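Protein chains: 2
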Amino acid sequence: MNKGLLFVISGPSGAGKGSIYSKVIAKTDLKRSVSVTTRPPRPGEVEGVNYFFRTEEQYQQMIAAGEFLETAEVYKNFYGTPKAPVFENLGKGYDVLFEVDVHGVKSIKKKYPEAIAIFVMTPDFETLEKRLRDRGTETEDKISIRLGAARRELSEYKLFDYIVFNDQLDVAVQEVLDIVTAEKRKIKNNMARIKSLLGEN
Amino acid sequence: MNKGLLFVISGPSGAGKGSIYSKVIAKTDLKRSVSVTTRPPRPGEVEGVNYFFRTEEQYQQMIAAGEFLETAEVYKNFYGTPKAPVFENLGKGYDVLFEVDVHGVKSIKKKYPEAIAIFVMTPDFETLEKRLRDRGTETEDKISIRLGAARRELSEYKLFDYIVFNDQLDVAVQEVLDIVTAEKRKIKNNMARIKSLLGEN
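Residue numbers (my numbering), protein chains in the order written: chain P, 1188 to 1388; chain G, 1188 to 1388.
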């Protein structure tokens, strides 16, 4: 049996990586990763389903023990992807998909270079600006900060294996699904089957 | 503008590479390659559409001048893929697909390592044997020769980038289409667009 594949979706805020991620998870049997967080549970959130909820002390112990594939601080709360469940799924041959920020991709690629990283981008920065503005929730200052961040994130393109330009959501989702299929058809991901056909194991 | 991509489909006789090739050509705007041959034209075959028809002397001159990406002799006739029209299409940004035998893939990869090679295989050798037998045109001797060849061809899997197991033709065709899409989404095949977005060229 071949190990599962680890797919990571990232990209600037406003490019649609979250929507693509959810639709791809809904359409496939890719396993998602449940993050660990120090943020308190919101009503209805279930331990082990939405998040693993931990105290800051517990979280820091997990960092010290090297239990994370990536970890980030957002508005004084920590969010991280725990290694163990991801590697367990991969070891069982399940493919895994998760969504992280570009900094997280860097960390994951360092710890697991076989990870397949997909950058989700709008067709251009003008479209990104328009989408951020159309949210109606972002001040001009915030829009300009987000655009600057988007430019820095895209300039990290060498970290990534693929880029999907999200012009129409359904097309972008299909392209991510196509990338998943293509990766599964790579020779290196079919060695066990090929060698078995050739009677080599 | 990025250069076009060169896709090559190969695999054992009976695995269905020809059917997959034709369906993929029909469903996409991938350019096909017109082969050069020394075999005489059959009724209805058109120069430059079905083949470029050449005398054996002309063909040998083309070999000597290094004009082929790959060339093979089949039943005393020569068949070859001419370099010039392929490279012209790639240079214009068109993607190209062709079907060659495994020996041809080796030759193409040597001359153009960026070529993306897809191996088409039946789910197993028993299925291949059944398909060859169901043709009703192959003697037992020929079936056994073809199965031996198929095994040698699959053992060259390291030449290839992808393997598609042709269990149901439509699924296999879709997988090849997905591979084409995924390759187009690779970072390295989007450098021109990314650098333009970043204002780097």
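Idealized CB from N, CA, C, for every residue including glycine. Note that the coordinates shown come from a computational prediction; the quantities given were computed from them, not determined experimentally.
Cα-Cα separation, residue i to residue j
{"i": "Gly-1215/G", "j": "Ala-1379/G", "result": "Note on residue identity: the sequence assigns Thr, not Gly, to residue 1215/G. Cα-Cα distance, rounded: 23 Å."}
{"i": "Phe-1352/G", "j": "Gly-1231/P", "result": "45 Å"}
{"i": "Leu-1217/P", "j": "Ser-1342/G", "result": "31 Å"}
{"i": "Tyr-1349/P", "j": "Ala-1304/P", "result": "6 Å"}
{"i": "Val-1287/P", "j": "Asp-1311/G", "result": "39 Å"}
{"i": "Ile-1374/G", "j": "Ser-1197/P", "result": "14 Å"}
{"i": "Arg-1219/P", "j": "Lys-1190/G", "result": "36 Å"}
{"i": "Ile-1295/P", "j": "Phe-1285/P", "result": "11 Å"}
{"i": "Gln-1361/P", "j": "Asp-1328/G", "result": "46 Å"}
{"i": "Lys-1298/P", "j": "Leu-1192/P", "result": "14 Å"}
{"i": "Lys-1293/G", "j": "Leu-1346/G", "result": "7 Å"}
{"i": "Glu-1243/G", "j": "Phe-1255/G", "result": "14 Å"}
{"i": "Lys-1317/P", "j": "Phe-1306/P", "result": "19 Å"}
{"i": "Glu-1275/G", "j": "Gln-1248/P", "result": "59 Å"}
{"i": "Ala-1259/G", "j": "Phe-1194/G", "result": "19 Å"}
{"i": "Ile-1250/G", "j": "Asp-1321/G", "result": "38 Å"}
{"i": "Ala-1252/P", "j": "Val-1261/P", "result": "21 Å"}
{"i": "Ser-1383/G", "j": "Ala-1271/P", "result": "40 Å"}
{"i": "Val-1273/G", "j": "Pro-1300/G", "result": "14 Å"}
{"i": "Val-1233/G", "j": "Glu-1387/G", "result": "47 Å"}
From the options, residue whose alpha carbon lies closest to that of residue i
{"i": "Thr-1324/G", "options": "Tyr-1281/G, Asn-1189/G, Gln-1355/G, Gly-1201/G", "result": "Gly-1201/G"}
{"i": "Leu-1315/G", "options": "Glu-1301/G, Ala-1302/G, Gly-1253/G, Gly-1335/G", "result": "Gly-1335/G"}
{"i": "Pro-1199/G", "options": "Gln-1361/G, Gly-1291/G, Asn-1376/G", "result": "Gly-1291/G"}
{"i": "Ala-1337/P", "options": "Leu-1364/G, Ser-1209/G, Leu-1385/G", "result": "Leu-1385/G"}
{"i": "Tyr-1266/G", "options": "Phe-1274/G, Glu-1301/G, Thr-1224/G", "result": "Thr-1224/G"}
{"i": "Thr-1268/P", "options": "Glu-1257/P, Lys-1382/P, Glu-1275/P, Asn-1276/P", "result": "Glu-1257/P"}
{"i": "Ala-1302/G", "options": "Met-1308/G, Lys-1371/G, Asn-1237/G, Ala-1259/G", "result": "Lys-1371/G"}
{"i": "Val-1398/G", "options": "Ser-1383/G, Met-1308/G, Pro-1300/G, Arg-1333/G", "result": "The shown model of chain G, from 1188 to 1388, leaves out residue 1398/G, and the question about it has no answer."}
{"i": "Asp-1354/G", "options": "Arg-1333/G, Glu-1387/G, Glu-1313/G", "result": "Glu-1313/G"}
Residue interval of the beta strand (DSSP E) (run including residue i)
{"i": "Thr-1258/P", "result": "1255 to 1261"}
{"i": "Val-1360/P", "result": "Per DSSP, Val-1360/P belongs to no beta strand (DSSP E); it is in the alpha helix (DSSP H), 1356 to 1371."}
{"i": "Glu-1286/P", "result": "1283 to 1286"}
{"i": "Val-1307/P", "result": "1303 to 1308"}
{"i": "Ser-1222/G", "result": "1222 to 1224"}
{"i": "Val-1351/P", "result": "1349 to 1352"}
Cβ distance (whole Å) where residue i is taken to contact residue j below 8 Å
{"i": "Ala-1369/G", "j": "Ile-1207/P", "result": "Between Ile-1207/P and Ala-1369/G the Cβ distance is about 15 Å, and since that is not below 8 Å, they are no contact."}
{"i": "Glu-1340/P", "j": "Val-1289/P", "result": "4 Å"}
{"i": "Val-1221/G", "j": "Gly-1235/G", "result": "6 Å"}
{"i": "Phe-1246/G", "j": "Ile-1381/P", "result": "For the sequence presented, residue 1246/G should be read as Tyr rather than Phe. Not really, about 35 Å apart at Cβ, beyond 8 Å."}
Segment limits, alpha helix (DSSP H) that includes residue i
{"i": "Thr-1314/P", "result": "1312 to 1321"}
{"i": "Gly-1335/P", "result": "1327 to 1341"}
{"i": "Leu-1193/P", "result": "Taken as a continuous stretch (DSSP letters only), Leu-1193/P belongs to no alpha helix (DSSP H), being part of the beta strand (DSSP E) at 1193 to 1197."}
{"i": "Gly-1267/P", "result": "Premise fails: Gly-1267/P lies in the beta strand (DSSP E), 1264 to 1269, not in any alpha helix (DSSP H)."}
{"i": "Ile-1136/G", "result": "This structure does not reach residue 1136/G, given that chain G is present from 1188 up to 1388, and the question cannot be answered."}
{"i": "Tyr-1246/P", "result": "1243 to 1251"}
{"i": "Lys-1382/P", "result": "1378 to 1384"}
{"i": "Ile-1295/P", "result": "1289 to 1298"}
Sequence-distant residues of its chain with Cβ nearer than 8 Å to residue i (five each side left out)
{"i": "Lys-1279/P", "result": "Gly-1191"}
{"i": "Leu-1364/G", "result": "Val-1211, Lys-1214, Thr-1215"}
{"i": "Glu-1239/G", "result": "Per the sequence presented here, residue 1239/G reads as Phe, with Glu not at that position. Val-1221, Ser-1222, Val-1223, Thr-1224, Pro-1269."}
{"i": "Ile-1356/P", "result": "Note that residue 1356/P is Leu in the sequence shown here, rather than Ile. For Leu-1356/P, where only same-chain residues beyond five positions count, the Cβ hits under 8 Å are Gly-1203, Ser-1206, Ile-1207, Lys-1210."}
{"i": "Arg-1389/G", "result": "Outside the displayed span of chain G (1188 to 1388) sits residue 1389/G, for which this structure offers no information."}
Neighbourhood of residue i by C-beta distance below 7 Å, restricted to the same chain and skipping five residues each side
{"i": "Lys-1263/G", "result": "none"}
{"i": "Asn-1376/G", "result": "Asn-1189, Leu-1192, Glu-1370"}
{"i": "Leu-1277/P", "result": "Lys-1190, Gly-1191, Leu-1193, Val-1283"}
{"i": "Asn-1237/G", "result": "none"}
Residues near residue i in its chain [Cβ-Cβ closer than 6 Å; skip 5 each side]
{"i": "Leu-1319/P", "result": "Gly-1201, Glu-1325, Ile-1330, Arg-1333"}
{"i": "Pro-1227/P", "result": "none"}
{"i": "Tyr-1281/P", "result": "Gly-1191, Lys-1218"}
{"i": "Arg-1229/P", "result": "none"}
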